[in-house]
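Each residue of the sequence shown is one higher than the one before, counting from 512 in our numbering.
Every residue gets a Cβ at the ideal spot worked out from N, C-alpha and C, and that includes glycine.
Notes follow the structure.
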Amino acid sequence: MEVELFALCDYAVNNGGKLTIVGTFDTLTAPKFPWRAYFGVAVKLDMEGEPLVGRSFNMYIYREGDKENRIFEARTPLEPKDAEKMVLAGNIKGLIFGEPARYHYVLAVDDNLLGDYEFNVVLKDEDGKQ
């Protein structure tokens, strides 16, 4: 089981296995804190040969240095139809970031880590730059 694609983006949609990703990034720029973010995530997994019954796919976000305090968490059961390629797209609306920091977006099946992807949330300066 491996992650073939992971992208944080402005918007993502899965239309029958056709993945559309708009505006990928690794840094979010906030005008102030706390701040409500709106962003998408796109994932493609190779699940070939994996037993899936009774297992679940998990995603969560935490601030670096505070892994136990997750600011976002989602879980979905895996189904036999996911046995080869699994394409996921979702859009997170209104997630609150309390401070500028490095964050981690984690993908796992049950408690088995598939990927830990870092991204930054920074404060926009007075000139409108990062």
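Asked	Found
Please identify the residue among E595, G551 and A585 whose C-alpha is closest to the C-alpha of L539.	G551
Rounded to a whole number of angstroms, what is the C-alpha to C-alpha distance between T535 and V524?	13 Å
Under 8 Å between the Cβ atoms of A553 and A585?	no
Could you say if the region 539 to 548 and the region 574 to 590 meet the contact criterion of at least three C-beta pairs nearer than 8 Å?	no
CA-CA distance, L516 and P588?	20 Å
The beta strand (DSSP E) with G534 in it runs from where to where?	K529 to F536
Check each candidate in Y549, V533, V598 and H615 and name the one with the smallest Cα separation from D627.	H615
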